[in-house]
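The numbering of the sequence shown is our numbering, which starts it at 3 and goes up by one. Every residue, glycine too, gets a C-beta built ideally from N, C-alpha and C. For clarity, every value in this text was computed on a predicted model and none was experimentally measured. Inspection log for the structure reproduced underneath, given as structure tokens.
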Amino acid sequence: MGLDIVPASDHSILVTLGQEISAEVHARVRKFCHLLTKDLHEAVLNVHPAYASVLVTFEPRAAELEEIGAHLASLAGRVDEIEEPPARTVRIPVCYGGEFGPDLEEVSRICNLPAEEVVARHVGGAYSVYFLGFAPGFAYLGNVDEEIAAPRRGEPRETVPPGSVGINGRQTGIYPLATPGSWRLIGRTPVKIFDPQRENPSLLAFGDRVQFFAITEKEFRSQCR
């Protein structure tokens with residue numbers, strides 16, 4: 003596992019904790035963020051985790067770049083000495099196929115599996131929220147079973163309905179808002195993933211574990227009321 007700490011600007015530092023998208027590297031990112039939160043330097047403003055790295059921004063008038071870099075290096079050196087912190091599990095209902103999952107049959111064809119097997123493998127996975135990006139509340143989840151890791155569409159849709167569940171390679175995700183998108187849509191959840199009126203607008207957060215479970219169209223429509 004590689005470790006690299008480099009300035010990203012005069013007020014930010016990028017800490018890289020691995021070279022691949024994997025559960026092992028994600029665990030290292032989570033442990034580093036846990037250590038950073040417990041021993042937060044007063045100059046740190048924001049912490050932005052990603053697949054294999056963490057971008058730390060700080061107030062340059064409160065500390066020198068070298069000081070923050072040394073502090074982050076000290077924390078990164080302890081990552082392999084601690085256990086991964088507990089994760090919250092969020093269960094998400096999904097109605098698969100039909101109008102809710104217009105690409106399910108295509109994913110079935112690409113992966114040479116019956117649609118029912120694609121759904122079974124998708125609900126059978128336990129996914130980690132690697133980070134949030136693209137749109138408010140959009141969580142990048144991994145890792146998808148290799149047997150259903152269909153690539154994104156060649157041409158994006160102009161609008162993807164909120165709650166749509168898509169696959170892009172070994173990633174899966176839920177579109178929180180109506181946005182353009184090219185991930186292959188296999189289902190939709192009635193759960194509101196992003197709501198600016200909530201105390202925590204985003205339902206999902208970095209480090210969460212997500213489990214999907216299948217529901218019927220009738221159950222979907224009743225939960226949307």
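- If you compare the alpha carbons of T218, S224, R223 with that of Y98, the shortest gap goes to T218.
- DSSP, reduced to helix, strand and coil, places Q225 within a helical segment of the structure shown.
- Looking at the DSSP output, L134 sits in a beta bridge with A141.
- If only complete runs of 3 or more residues are kept, the region 146-198 shows the beta strand (DSSP E) at 159-162, 166-170, 173-176, 181-183, 186-190, in order along the chain.
- Leaving aside the five residues that flank H36 on each side, the residues in its chain whose CB is nearer than 6 angstroms to its CB run, in chain order, P87.
- Under the DSSP assignment, I15 falls in the beta strand (DSSP E) whose first and last residues are 14-18.
- Put simply, of E22, E44, A122 the residue whose alpha carbon is nearest the alpha carbon of A64 is E44.
- Secondary structure at F208: coil, using DSSP grouped into helix, strand and coil.
- Using a 10 angstroms sphere on the CB of V212, the tally of other CB atoms reaches 16 or more, which defines it as buried.
- For a cut-off of 8 angstroms, the C-beta gap from R186 to E108 is around 7 angstroms, short enough to register as a contact.
- Cβ neighbours of T174 within its own chain (closer than 6 angstroms, five residues either side excluded): L143, V146.
- The beta carbon of G103 sits closer than 6 angstroms to those of L187, I188, G189, all from its chain and outside the five residues before and after it, given in chain order.
- The region 43-122 is shown to contain whole beta strand (DSSP E) runs of 3 or more residues at 46-51, 55-60, 91-98, in chain order.
- Going by beta carbons, S14 and V58 fall inside the 8 angstroms limit.
- With contacts defined as CB atoms closer than 8 angstroms, L206 and A141 qualify as a contacting pair.
- In terms of CA proximity to P95, K194 leads the group K194, V8, R32.
- Annotation: the continuous alpha helix (DSSP H) that includes A25 extends over 25-40.
- By a beta-carbon distance limit of 8 angstroms, L19 does not contact V8. Their separation comes to about 13 angstroms.
- Residue pairing of A216 in beta bridges, as defined by DSSP: V96.
- Looking only at K40, E61, I23, G165, the smallest Cα-Cα distance to L77 is reached by K40.
- G126 places its beta carbon 8 angstroms or farther from that of P178.
- Taking 8 angstroms as the cut-off, the Cβ atoms of S130 and P158 do not count as close.
- Contact between N170 and P153 holds, with the beta-carbon distance rounding to 7 angstroms and staying under 8 angstroms.
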